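Enquirer: In my numbering, the protein residues as written are 3 to 456.
Each residue gets a CB set at the ideal place from its N, CA and C atoms; glycine is no exception.
Since we're looking at a predicted model, the values are computed, not measured.
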Amino acid sequence: MKITFENPEKVNGLMTLTVEEADYKQEVEKTLKDYRKRANIPGFRPGQAPMGLIKRQIGTQVKADAINKVVGENLQKYIVDNKIKMLGQPLGAADHEPVDLDKEAPYVFKFDIAIAPEFKVELSDKDKVVYYDIKVDDKMIDDQVDMFASRNGHYEKAESYDPEQRDLLKGDLRELDDKGNTLEGGIEVESATLMPQYIKEEAQKKLFDGAKLGDIITWNPRKAYPESDVEISALLKIDKEKVAEHTGDFSYQITEISRFAKAEVNQELFDSVYGAEAGIKDEKAFREAIAKGLTAQLETDADYRFLQDVRKYAEKKVGDLQFPEALLKRMMIENNKDKGAEFVEKNFDASIQELKWHLIREQLAEANGVKVEDDDVLTAARETARAQFAQYGMNNVPEEYINNYAQEMLKKRETVDNLVERAIDRKLMEALKGVVKLTKKSISIDDFNKLWQE
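1) Measure the beta-carbon distance from ARG261 to LEU453 and round it to whole angstroms, keeping in mind my assumption that it falls under 8 Å.
2) Suppose you measure from the CA of VAL73 to the CA of ALA41; what does that come to, to the nearest Å?
3) By Cβ distance below 7 Å, which residues in the same chain neighbour ALA293 in space, the five residues on each side in sequence not counted?
4) Buried or exposed: GLN78, going by 16 or more other Cβ atoms within 10 Å of its Cβ?
5) Under a Cβ-count criterion, where at least 16 other Cβ atoms within 10 Å of its own Cβ denotes burial, should LYS65 be classed as buried or exposed?
6) Using 8 Å as the cut-off, can you tell me whether the stretch 114-126 makes contact with the stretch 420-431, which would need three or more C-beta pairs spanning the two stretches below that distance?
7) On the criterion of 16 or more Cβ atoms from any shown chain inside 10 Å, does LYS358 qualify as buried, or is it exposed?
8) State buried or exposed for ARG176, treating a residue as buried only when at least 16 other CB atoms are found within 10 Å of its CB.
9) Going by alpha carbons, who is nearest to TYR276 out of TYR163, ASP340, GLU161, VAL147?
10) Would LEU19 and ARG332 be called neighbours here (beta carbons separated by less than 8 Å)?
11) Is it true that the stretch 308-328 meets the stretch 161-181, where meeting means three or more beta-carbon pairs spaced less than 8 Å apart?
12) Tell me whether the stretch 401-409 and the stretch 433-445 touch, counting them as touching only if at least three CB pairs, one residue from each stretch, are closer than 8 Å.
13) For TYR200, count the other beta carbons within 10 Å of its own beta carbon; 16 or more makes it buried, fewer makes it exposed. Which is it?
14) For the stretch 224-231 against the stretch 126-135, do three or more pairs of beta-carbon atoms, one drawn from each stretch, fall closer than 8 Å, so that the two count as touching?
15) So who's on the other strand from TYR109, going by DSSP bridges?
16) Starting from MET142, trace the alpha helix (DSSP H) in both directions and tell me its first and last residue.
17) Output yes if chain D places a C-beta closer than 8 Å to the C-beta of SER126; else output no.
18) Check whether the Cβ atoms of TYR109 and ILE60 lie closer than 8 Å to each other.
19) Looking at the strands, I want to know which residues DSSP matches up with PHE252.
20) Among ASN405, ALA316, LEU330, which has the Cα closest to the Cα of ALA367?
21) On the DSSP bridge list, what partners appear for THR441?
22) Between the stretch 404-414 and the stretch 87-103, do three or more beta carbon pairs fall short of 8 Å?
23) Between GLY188 and the rest of its own chain, which residues show a CB-CB distance below 6 Å, the 5 nearest in sequence each way excluded?
24) Nearest CA to the CA of VAL21: which residue from ARG38, TYR37, THR62, ASN76?
25) Please classify ARG415 as buried or exposed, where buried requires at least 16 neighbouring CB atoms within 10 angstroms.
26) Give the straight-line distance between the Cα atoms of GLU8 and ARG384, rounded to the nearest whole angstrom.
27) Does the distance from the C-beta atom of ALA265 to that of ALA151 stay below 8 Å?
28) Whole angstroms are fine: how far does the CA of PHE350 sit from the CA of ILE335?
29) Quick check on this structure: which residue in LEU300, GLY15, ASP449 has the alpha carbon closest to the alpha carbon of LYS112?
30) Excluding sequence positions up to five away, which residues of its chain have a Cβ less than 8 Å from the Cβ of ASP217?
31) Locate the alpha helix (DSSP H) running through VAL191, then write down its first and last residues.
Written out as structure tokens, the structure reads:
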């Protein structure tokens, strides 16, 4: 097989493979012989069918498969052996006519190859990057205490509805006729649950202000939830398709009022949040534990910001790069056939920017010996699991549950890919913190959050 590679434009390559009969003949003959041994063709004993008949049946397909295999293997081998830094996958050359395999060899295959631009990026202690030290203040701790108290709260009985509270009502719901009387054969729901604070229309919401046990409120669910058939169907216990048949008024007689009460900041709350084994015995220790957790969380946020600032700094240092744009657009269209060329045009610039960072990140990772092992991916999965539990106020989840959740995440291919990327970022960030000169800057959480709006 003869292979030639041309890339006079540096980023656009053309690879030509000329396939001779000798390159695939042995593979074809072996496949045909193996098939003949197994073939069960009427009129012939197994393994005795004439080879000419076998060739007429499957010869063309076997030949095509053998040629595709030899082309694919030699294409990839050439790319690897010659260390061609290819972007994406080879595409059939745009101006190349389809190969007619019915003709005799040789066959010529041409492929367009997108080549990564050549550049060099190096970082050292001469490069200065800001690292933000986010301060934990009393307000942040107060907010966290309030959040824990809310998550561990409960409902208590109340005598009247207070719109300023998270009151939950239960009552008997009855459909009314045009005269305001209970509609014969209409909808009736006992102990229907309602939270007036979530009613969308203000006038309907105000009908419940100050209501007491036993009061009967006349209201209109359709007006209360003008754009939500789902909420109305759940309240009336009917199919969503039937909501349009019930647009009139309903009566609601309140049988129970429950008011949400935050948990008290006491031993029960301490143990609920951190577990009794943490040994937190007073509010001071509770706040210290919260501060410690916030500090770790904010350090993660600061690390992420640092990596973003390194990215911006490195991209500026590298400057503009030349990419094979026409070929990359062809690839994007090929990979997004369901979205079309308009989608590709709209997202192309952002994709190129991400590709630029990907190439820079690869160089930085290699230069700093960053390699991701299985344990790094598992650690990323555990961190993700712990963060997801923490979102629901679950800070004392046993390690066994964390590990099980992480293992479930690792069973999904798309999740693993994301975890690998996260592991690379984490190890690269840690490595670069020891390479560049960190310009540390103390900052409040409010000012830190404003950085993302710039």
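Expert: Per the coordinate set shown:
1) Position 259 of the sequence shown, counting from 1, holds the residue named residue 261. Position 451 of the sequence shown, counting from 1, holds the residue named residue 453. About 40 Å; that fails the 8 Å criterion.
2) Here residue 73 is taken as the residue at index 71 of the sequence shown, counted from 1. Here residue 41 is taken as the residue at index 39 of the sequence shown, counted from 1. About 28 Å.
3) Along the sequence shown, read from residue 1 onward, the residue named residue 293 stands at position 291. Closer than 7 Å at the Cβ level, and outside the excluded window around ALA293, lie VAL138, ILE143.
4) Taking the first residue of the sequence shown as 1, we reach residue 78 at position 76. So GLN78 counts as exposed.
5) Reading the sequence shown from its first residue, position 63 is the one you call residue 65. Answer is buried; the Cβ neighbour count reaches 16.
6) No: the two stretches stay apart, fewer than three of their Cβ pairs being nearer than 8 Å.
7) Within the sequence shown, residue 358 is the residue found at index 356, counting from 1. Burial call: buried.
8) The residue you call residue 176 lines up with position 174 of the sequence shown. In this structure ARG176 is buried. Its beta-carbon is surrounded by 16 or more other beta-carbon atoms within 10 angstroms.
9) Here the question's residue 276 lines up with position 274 in the sequence shown. Minimum Cα distance to TYR276 is reached at VAL147.
10) Here residue 19 is taken as the residue at index 17 of the sequence shown, counted from 1. Here residue 332 is taken as the residue at index 330 of the sequence shown, counted from 1. Not closer than 8 Å, so no.
11) No, because fewer than three Cβ pairs between the stretch 308-328 and the stretch 161-181 fall closer than 8 Å, the two stretches do not touch.
12) Taking one beta carbon from each stretch, the stretch 401-409 and the stretch 433-445 have fewer than 3 pairs nearer than 8 Å; the two do not touch.
13) Mapped onto the sequence shown, residue 200 falls at position 198. Answer is exposed; the Cβ neighbour count stays below 16.
14) Contact check between the stretch 224-231 and the stretch 126-135: fewer than three CB pairs, one atom from each, fall below 8 Å, which does not count as touching.
15) For the purposes of this step, residue 109 is identified with residue 107 of the sequence shown, where counting begins at 1. Its beta-bridge partners are VAL21.
16) As a working note, residue 142 is residue 140 in the sequence shown. Segment 140-153, the alpha helix (DSSP H) holding MET142.
17) Reference to chain D is not applicable here, since this structure consists of a single protein chain.
18) Position 107 of the sequence shown, counting from 1, holds the residue named residue 109. Position 58 of the sequence shown, counting from 1, holds the residue named residue 60. For the 8 Å CB-CB criterion, TYR109 and ILE60 do not form a contact.
19) Counted from its first residue, the sequence shown places residue 252 at position 250. For PHE252, which the question treats as bridged, DSSP gives the partners GLU177, TRP221.
20) The count along the sequence shown starts at 1 and reaches residue 367 at position 365. Closest option to ALA367, Cα to Cα, is ALA316.
21) For this step, residue 441 is matched to residue 439 along the sequence shown. Its beta-bridge partners are VAL132.
22) Segments in contact, no.
23) By 1-based counting over the sequence shown, the position of residue 188 is 186. Contacts found: GLU177.
24) Along the sequence shown, one-based indexing puts residue 21 at 19. With distances taken between CA atoms, VAL21 lies nearest to ASN76 out of ARG38, TYR37, THR62, ASN76.
25) If you number the sequence shown from 1, residue 415 lands on position 413. That one is exposed.
26) Sequence index remark: in the sequence shown, residue 8 carries index 6 (1-based). Sequence index remark: in the sequence shown, residue 384 carries index 382 (1-based). Cα to Cα, the separation comes out at about 47 Å.
27) Reading the sequence shown from its first residue, position 263 is the one you call residue 265. Reading the sequence shown from its first residue, position 149 is the one you call residue 151. In this structure, ALA151 lies closer than 8 Å to ALA265 by Cβ.
28) In the sequence shown, counting from the first residue as 1, residue 335 sits at position 333. In the sequence shown, counting from the first residue as 1, residue 350 sits at position 348. When the Cα atoms are used, ILE335 and PHE350 turn out to be separated by approximately 10 Å.
29) Mapped onto the sequence shown, residue 112 falls at position 110. Residue nearest to LYS112 within the set LEU300, GLY15, ASP449 is GLY15 (criterion: CA-CA distance).
30) As a working mapping, residue 217 is identified with position 215 in the sequence shown. For ASP217, where only same-chain residues beyond five positions count, the Cβ hits under 8 Å are GLN255, ILE256.
31) For the purposes of this step, residue 191 is taken as residue 189 along the sequence shown, with counting starting at 1. For VAL191, there is no enclosing alpha helix (DSSP H); the enclosing beta strand (DSSP E) covers residues 190-196.
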